[in-house]
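Below: the structure, in structure tokens.
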Amino acid sequence: MNEYLLHDQSWNGPLIVAVQRAITETFTKSDWNEVGHLTGLHAYITGHKRLLRSLDWGDPDYSDCVFEVVTRMQHHNGQALALLIEHPKVLPLLEVSVPNHLHQLGISVGHVRAVTPSVCASEVVRRALTDADQLIETNGAQSAVDRLHTAMHGYLKAECAAASITISPDATLTQAFKALRTNHPALTNLGAHTTDVAKVLQSFASVLDALNTVRNHGSVAHPNEHLIEAPEAFLFVNAVRTLFHYLNNKLGH
1 MNEYLLHDQS WNGPLIVAVQ RAITETFTKS DWNEVGHLTG LHAYITGHKR LLRSLDWGDP
61 DYSDCVFEVV TRMQHHNGQA LALLIEHPKV LPLLEVSVPN HLHQLGISVG HVRAVTPSVC
121 ASEVVRRALT DADQLIETNG AQSAVDRLHT AMHGYLKAEC AAASITISPD ATLTQAFKAL
181 RTNHPALTNL GAHTTDVAKV LQSFASVLDA LNTVRNHGSV AHPNEHLIEA PEAFLFVNAV
241 RTLFHYLNNK LGH
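Residue numbers for the sequence shown follow full-length UniProt numbering, so the first one is 1 and each next one is one higher.
Structure representation (structure tokens):
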């Protein structure tokens, strides 16, 4: 793990916040005792004036106490902070909220990497992709669904225009993908396993169709009462990122 980054205040803010939130949501007194013994900070943790007492009583200052302990680890014991990051209750939540930070630390995460916009990407697509990455880190994957929908929609329409493929100005996401997949010269040759690759691309058409529905009825794009859950939201994030990477490679960007 790159412990130098853990002390870089211009970089580590979102990571520290994510660690604090994960601990606040999941840790028990037993977890704190375990961390104390593993890090050599057992006396500090158990002797903290409020941490365990606030946890036991469900007091509102518990989250502030967690911040205090995490900050102490950050400044005085980088290995202890690294242990918190890789704790089995903390790491899965960090994989959802700050995957890019984990990647930069050298920790492998089970998510598709963020999309780097191609040089010919429109400003709308660039901005939407940037917004999506930032929202994933700060608010979770649910908040990024709408922006990824916008990015993919804009990207597909732009690629159709670049290849002189005519589509309606108000073409939907799925309509734009169908037009591109059917008419773009680079997508007419799918290699030695055309039939199987075509099946995968057809599956992605279904993904984009479902993304339309989730964006309208399960994301923060509208005042929806029932948002898509975080793991399912990341399923869509990963699927859209995967399609982005494939199309960028296939279309020569």
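Built from N, CA and C at the ideal position, the CB exists for glycine as well. Since the model is a prediction, treat every value here as computed from it, not as a measurement.
Just reading off the alpha helix (DSSP H) that residue i is part of, what are its end residues?
i: Ser206; result: 194-217
i: residue 257; result: With the chain running from 1 to 253 in the structure shown, residue 257 is simply not present.
i: Lys250; result: 230-250
i: Trp32; result: 29-39
i: Met1; result: Counting along the chain, Met1 falls outside any alpha helix (DSSP H), and DSSP gives it neither H nor E.
i: Asn224; result: Premise fails: Asn224 is in no alpha helix (DSSP H) and is neither H nor E.
i: Arg21; result: 13-26
From the DSSP output, in three-state form, read off residue i for me.
i: Lys49; result: coil
i: Ile107; result: coil
i: Ser97; result: helix
i: Trp57; result: helix
i: Asn139; result: helix
i: Pro169; result: coil
i: Asn183; result: helix
i: Val124; result: helix
i: Gln79; result: helix
i: Arg176; result: Note that residue 176 is Ala in the sequence shown here, rather than Arg. Correct three-state label for Ala176: helix.
i: Asp64; result: helix
i: Asp8; result: coil
Which whole-angstrom value is the C-beta distance of residue i and residue j, which I expect to be below 8 Å?
i: Trp32; j: Ile16; result: So it is not a contact: roughly 18 Å between Cβ atoms.
i: Leu91; j: Met1; result: With a Cβ gap of about 12 Å, Leu91 and Met1 do not count as contacting.
i: Lys29; j: Leu52; result: 6 Å
i: Leu173; j: Val237; result: With 8 Å as the limit, Leu173 and Val237 do not qualify as a contact, their Cβ atoms being about 15 Å apart.
message = Using a Cβ distance threshold of 8 Å, determine whether the segment 172-179 contacts the segment 138-153, with at least three qualifying pairs required.
response = Contact between the segment 172-179 and the segment 138-153 is established, with three or more Cβ pairs separated by less than 8 Å.
Can you confirm whether the segment 193-207 touches the segment 62-73 when touching is taken to mean that 3 or more C-beta pairs between the two stretches lie within less than 8 Å?
Fewer than three pairs of CB atoms, one per stretch, sit closer than 8 Å, so the segment 62-73 makes no contact with the segment 193-207.
Segment contact flag, the segment 134-143 with the segment 219-237, C-beta cutoff 8 Å, min 3 pairs: Output reads yes: the segment 219-237 touches the segment 134-143.
Discussion item. I want to know whether the segment 69-87 touches the segment 29-40 - three or more CB-CB distances under 8 Å.
Written reply: Three or more beta-carbon pairs separated by less than 8 Å link the segment 69-87 to the segment 29-40, which places the two stretches in contact.
Quick test of the definition: if touching needs 3 or more C-beta pairs under 8 Å, does the segment 88-103 touch the segment 19-30? Short answer: they touch.
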